[in-house]
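Following: one structure in structure tokens, then a few remarks.
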Amino acid sequence: EEKDIVIDHEYDGIRELDNSIPIWFNFLFYGTIFFGLVYLFVYQVSGIGMNQDQEYEHEMVVAEKERQAYLTASASNVDESSVEFQPEMAADGKAIFTANCVACHGGSGEGGIGPNLTDKFWLHGGEIKDIFKTIKYGVPDKGMVPWEQTLSPAQIAQVASYIITLRDTHPANPKAPQGEEVTYGGGQAASGEKAADESKADQAETEKKAE
């Protein structure tokens, strides 16, 4: 009863009751203690949970997968009017080039049956869009087959980006220039020249190790 829980003092006629703590509050209090112990065990003792650094690394991996998926989806919709030079595609493009183009253009793009791909002279245009279009539709009257039925748009874009990296690489025994000299566009030329420089640096490093 109230008279049993009245505390022996009052303020301005206000009496204070010594009520028991509500059961729900006790559940909440002890629940937070239990949660804290479990959290400590999972994240600090056992290593089951990821810490902040591990969560960051995990998120970066997920983001990279999403980025690659986006690039793949975008590349599937690319054509000669929307293609752009993508340095990160060059490695995949090189593999496709080696498998399909070496017979006519040489292992380093120096030319053979087909024209030299490393100089500034081009028969059908040397910009990325021109190269994509030439690969896609071919040049049947010169013996180059169209590749649009064999390679996907993404693969054609990869090969075109790889060919851009061959600019000014000066391979051994290059075929004589054919076609008209092309002055490359600023941004694309800069990207292509940078990639070409990196390619030459990698080649020089490989030769140095071989020695």
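First residue of the sequence shown? That's 200 in the numbering used here, and the numbers climb one at a time after it.
We put the beta carbon where it would ideally sit given N, CA and C, even for glycine.
Open item on the list: Let's see if you can read the secondary structure: which residues bound the beta strand (DSSP E) around C207?
Closed with: The residue labelled residue 207 in the question sits at position 8 within the sequence shown. Reading off the sequence, residue 207 comes out as Asp, not Cys. For D207, the uninterrupted beta strand (DSSP E) segment begins and ends at 205–210.
Open item on the list: How far does the alpha helix (DSSP H) with L239 in it extend, from its first residue to its last?
Closed with: As a working note, residue 239 is residue 40 in the sequence shown. Taken as a continuous stretch (DSSP letters only), the alpha helix (DSSP H) holding L239 covers 222–239.
Open item on the list: Suppose contacts are defined by Cβ-Cβ distances below 9 Å. Is P352 in contact with K335 by that definition?
Closed with: Within the sequence shown, numbered from 1, the residue matching residue 352 stands at position 153. Within the sequence shown, numbered from 1, the residue matching residue 335 stands at position 136. At a Cβ-Cβ threshold of 9 Å, P352 and K335 count as neighbours.
Open item on the list: Please classify G144 as buried or exposed, where buried requires at least 16 other C-beta atoms within 10 Å of its C-beta.
Closed with: Here the chain has residues from 200 to 410 only, and residue 144 is not among them.
Task: Residues near P373 by beta carbon distance below 8 Å, same chain, minus five either side - done: For this step, residue 373 is matched to residue 174 along the sequence shown. Result list for P373: E309, G310, N315, T317, D318, in chain order.
Task: Cα-Cα separation, F228 to I222 - done: As a first step, residue 228 must be located in the sequence shown, where it is residue number 29. As a first step, residue 222 must be located in the sequence shown, where it is residue number 23. When rounded, the separation of the alpha-carbon atoms in F228 and I222 is 10 Å.
- [ ] May I ask whether a heavy atom of the ligand ADP can be found less than 8 Å away from the beta carbon of G305?
- [x] Looking at this structure, you won't find the ligand ADP or any other ligand, since it has none at all.
Open item on the list: Using DSSP's beta-bridge definition, name the partner residues of W321.
Closed with: Residue 321 sits at position 122 when you count from the first residue of the sequence shown. In DSSP, W321 forms a bridge with E379.
- [ ] Could you tell me how far apart the beta carbons of I295 and Q357 are, in whole angstroms, since I believe they sit closer than 8 Å?
- [x] Along the sequence shown, read from residue 1 onward, the residue named residue 295 stands at position 96. Along the sequence shown, read from residue 1 onward, the residue named residue 357 stands at position 158. That pair is a contact at about 6 Å.
Task: Beta-carbon proximity list for K332, same chain, < 7 Å, skipping 5 on both sides - done: Your numbering for residue 332 matches position 133 in the sequence shown. Cβ neighbours of K332 beyond the five flanking positions: E279.
Task: Chain-order list of residues whose beta-carbon lies under 6 Å from that of G391 (same chain, five-residue window excluded) - done: By 1-based counting over the sequence shown, the position of residue 391 is 192. Any reading at G391 is ruled out, since the residue's pLDDT is 46, under 50, leaving its predicted position unreliable.
- [ ] List the endpoints of the continuous beta strand (DSSP E) containing I312.
- [x] Taking the first residue of the sequence shown as 1, we reach residue 312 at position 113. Per DSSP, I312 belongs to no beta strand (DSSP E) and is neither H nor E.
Open item on the list: Going by the DSSP bridge assignment, what does I213 pair with across the sheet?
Closed with: Taking the first residue of the sequence shown as position 1, residue 213 is located at position 14. Answer is Y210, bridged to I213.
Task: Proximal residues to V301 (C-beta, below 8 Å), its chain only, five neighbours per side dropped - done: Mapped onto the sequence shown, residue 301 falls at position 102. Nothing meets the Cβ criterion.
Task: Straight-line Cα distance separating T368 from S275 - done: Position 76 of the sequence shown, counted from the first residue, corresponds to residue 275. Position 169 of the sequence shown, counted from the first residue, corresponds to residue 368. Cα-Cα distance, rounded: 29 Å.
Task: Per DSSP, the bridge partner or partners of V338 - done: One-based indexing of the sequence shown puts residue 338 at position 139. As DSSP reads the structure, V338 sits in a beta bridge with M343.
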